[in-house]
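What follows is a set of notes on a single structure, which appears directly below.
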Amino acid sequence: MSVTEFLPLVLFVIVSTATPGGATTLATASGAHFGYRRSVPFMCGIAVGLATMAASAAAGLGSVILAFPSLQLAMKLIGSLYLLWLAWKMARSGPPHLHLSIAKPTSFPGAVWLVWHNPKGWAMALGAAASFASLADEPFHLALILGISFGAAAILSLSLWCAAGVLLSRLLRTDAQWHALNALLGALLVISIIPMWLEYAQPPISGSGHLG
């Protein structure tokens with residue numbers, strides 16, 4: 001199979017993981033408050049969560065989850081409440097050295113859970129599995145291809161967003177600037193929840209979506 005046959009998948013995973021959303025907002029906030037090194041477990045958790053989600057969708061688990069509307073609703077409710085709680089903590093925080101409401105970065109397990117709770121993410125992963133099924137001759141190989149692709153793209157894109165947060169932390173000089181940034185990031189995190197409710201989980205045949 002030629003490299004050009006994988007280009008659509010490469011473009012898809014780059015767009016899906018780099019588009020602003022909940023995960024990218026949290027990566028930016030984590031970089032600003034804790035630096036790149038301390039944010040690595042969070043970014044790895046998101047990458048592993050997305051990789052395993054894509055692989056599971058290719059193996060058939062995604063269709064099982066999407067077949068139960070009540071399960072989707074419960075996942076969305078719990079996930080939305082958790083993200084709202086994170087947004088509230090973020091919006092109330094000040095400079096990292098003065099405020100302890102965000103005491104530590106989101107953990108690796110917490111980051112994995114953030115990805116797995118989102119039915120829209122499952123729909124996106126299932127759509128990717130359907131759109132790129134021709135890249136492999138059996139589900140296991142497709143799961144491997146999608147898992148590696150989404151995981152690698154997530155690490156790259158989240159690293160860039162985290163680095164942007166680190167840069168912002170070096171530019172902010174006053175408490176008022178920190179409060180404004182945290183309020184903005186908190187608002188963006190709340191906004192990222194809206195698409196989860198506006199678009200009920202339906203597999204995108206053309207392969208569209210984003211992380212978060």
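Mapping of the sequence shown onto full-length UniProt numbering: residues 1 to 212, in sequence order.
Ideal Cβ placement from N, Cα and C applies to all residues, glycine included.
As the structure is a prediction and not an experimental result, all values here were calculated from the model.
request  = Work out the CA separation of R170 and V61 for me, nearest whole Å.
outcome  = Note that residue 61 corresponds to Leu in the displayed sequence, not to Val. Distance between the alpha carbons of L61 and R170 is about 43 Å.
message = Nearest by alpha-carbon distance to H33: which of A54, M75, A91 and L9 is it?
response = A91
ask   = Just reading off the alpha helix (DSSP H) that F68 is part of, what are its end residues?
value = Taken as a continuous stretch (DSSP letters only), F68 belongs to no alpha helix (DSSP H), as it is neither H nor E.
key: Residue environment, P119, which counts as buried when at least 16 other CB atoms sit within 10 Å   = buried
ask   = How about the region 130-149 and the region 68-78: do they share at least three Cβ pairs that are nearer than 8 Å?
value = no
inquiry  = Between which residues of its own chain and G35 is the CB-CB distance below 7 Å, once the five residues before and five after are set aside?
reply    = V166
ask   = When the Cα atoms are used, what is the spatial distance from D137 to L189?
value = 39 Å
ask   = When you compare each of W161, V112, R38 and A128 to L26 by their alpha carbons, which one comes out closest?
value = W161
inquiry  = Here's a check: name, in chain order, each residue in its chain whose Cβ is nearer than 8 Å to the Cβ of L83, leaving out the five neighbours to either side.
reply    = G22, L114, L189, V190, S192 and I193
task = Determine the DSSP secondary structure at A136, reduced to helix, strand or coil.
result = coil
inquiry  = Please state whether the Cβ-Cβ distance between T17 and A133 is less than 8 Å.
reply    = no
request  = Report, in whole angstroms, the separation of the C-beta atoms of A163 and G31, which I expect to be a contact under 8 Å.
outcome  = 6 Å
key: DSSP state of R170 mapped onto helix, strand, coil   = helix
inquiry  = Can you tell me whether W85 is buried or exposed? The criterion is at least 16 other CB atoms within 10 Å of its CB, across all chains shown.
reply    = exposed
ask   = To the nearest angstrom, how far is it from the Cα of L135 to the Cα of L142?
value = 7 Å
message = Less than 8 Å between the beta carbons of A29 and L185, yes or no?
response = yes
Straight-line gap, G198 to K89 (C-alpha atoms, nearest Å) = The amino acid at residue 198 is misidentified as Gly; the sequence shows Leu. Looking at the two C-alpha atoms, the distance is approximately 25 Å.
Range covered by the alpha helix (DSSP H) that runs through G110 = F108 to W116
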